[in-house]
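Scroll down for the structure; my scribbles are underneath it.
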DNA sequence: CTCATATTTTTATGATACTGGAAATATCGA
DNA sequence: TCGATATTTCCAGTATCATAAAAATATGAG
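Protein chains in written order, with this note's numbering: chain A, 114 to 223; chain B, 114 to 223.
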């Protein structure tokens, strides 16, 4: 991941509504959730939610697929792991890492 | 971590200069780095960097300590892990989690 | 006390983001 | 084709953020 991508992803998450929507999708897993269901859960007008989902899409954090009349959104877990890896990269230059001692949030492939 | 805190942290990171400064501090580890050293490394005017560091401080992502004439900034690793935990919380509702299969970026205490 | 260094605060201007109603688009069923 | 459902695009008003020069503050040395 390059810095611009990371800034885009972080900007996308840096809004209460988008963060809520994103977390909802993270918890929903690969199956995802329809836009309408998200709007209802979050109590947002459809047009506002659409704006926020488009923002998350542009940032590459979620994906979209159509299923009949509904548009289903799902979190992109590779993007999430890429972002986390970018933030924690070369954490502490290799040393033991702070109070609780967390060498590195090791992820499978990264 | 509550949502407001997370939004604050993400907003703080959602800027190229702040993200660069933060990553520099993450890689520097608990020792941290003086404001002047960061400004030089990033090629930023002192006043601009100060603005950005204050933003990261307000978000709780970094800490400050004085050492003679210099102010030393260091990443707060607990905050970072808290943020990552918040993002990945209840990821996939427990199921296997996407392509690479990453159940959860397990961290020591969280 | 005064000067030099390190950093922050103040300030003004310009740019970007959020909001939600109304209209437009896409899909489905009869 | 027509109507209903699901969602997006358009719009404009308001609010928030980034920038960097200049002035202010804090520390240390002589």
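All C-beta atoms in this analysis are idealised placements derived from N, C-alpha and C, irrespective of residue type, glycine included.
Whole-Å CB distance - residue i paired with residue j, under 8 angstroms assumed
i                     : j                     : result
residue 142 (chain B) : residue 208 (chain A) : 5 angstroms
residue 137 (chain B) : residue 119 (chain A) : Wrong, their Cβ atoms sit about 14 angstroms apart, outside the cutoff.
residue 127 (chain B) : residue 123 (chain A) : 4 angstroms
residue 121 (chain B) : residue 172 (chain B) : 5 angstroms
Chain A contact residues for residue i, given Cβ-Cβ distances below 9 angstroms
i                     : result
residue 140 (chain B) : 202, 203, 204, 205 and 206
Candidates the options: closest to residue i by CA position
i                     : options                       : result
residue 197 (chain B) : A:173, A:144, A:139 and A:185 : A:139
residue 163 (chain B) : B:173, B:152 and B:172        : B:152
residue 184 (chain A) : A:148, A:173, A:129 and A:165 : A:148
residue 186 (chain A) : A:117, A:135, A:145 and A:173 : A:145
Under 8 angstroms by beta carbon: chain A residues contacting residue i
i                     : result
residue 151 (chain B) : Near residue 151 (chain B) there are no residues of chain A at all, since even the closest Cβ is about 16 angstroms away, more than 8 angstroms.
residue 132 (chain B) : 116, 119, 120 and 123
Alpha-carbon spacing of residue i relative to residue j, whole angstroms
i                     : j                     : result
residue 225 (chain A) : residue 115 (chain B) : With chain A running from 114 to 223 in the structure shown, residue 225 (chain A) is simply not present.
residue 125 (chain B) : residue 191 (chain A) : 23 angstroms
residue 199 (chain B) : residue 177 (chain A) : 23 angstroms
residue 201 (chain B) : residue 158 (chain B) : 36 angstroms
residue 161 (chain B) : residue 170 (chain A) : 31 angstroms
residue 223 (chain A) : residue 195 (chain A) : Its pLDDT being 30, under 50, residue 223 (chain A) is placed unreliably by the model, and nothing is read from it.
residue 165 (chain B) : residue 129 (chain A) : 21 angstroms
residue 135 (chain B) : residue 174 (chain A) : 21 angstroms
residue 206 (chain A) : residue 193 (chain B) : 16 angstroms
residue 203 (chain A) : residue 150 (chain A) : 39 angstroms
residue 182 (chain B) : residue 117 (chain A) : 34 angstroms
Contact set between residue i and chain A, taken where Cβ atoms lie within less than 7 angstroms
i                     : result
residue 127 (chain B) : 120, 123, 124 and 127
Chain B residues whose Cβ lies nearer than 8 angstroms to that of residue i
i                     : result
residue 193 (chain A) : 200 and 201
Where residue i meets chain B, residues with beta-carbon distance less than 7 angstroms
i                     : result
residue 179 (chain A) : Under the 7 angstroms cutoff, chain B gives no residues; its nearest Cβ is about 20 angstroms from residue 179 (chain A).
Give, in chain order, every unbroken run of the alpha helix (DSSP H) that is at least 4 residues long and sits entirely within the region 116–183 of chain A. Runs of the alpha helix (DSSP H) inside the region 116–183 of chain A: 116–126, 129–141, 148–155 and 159–171.
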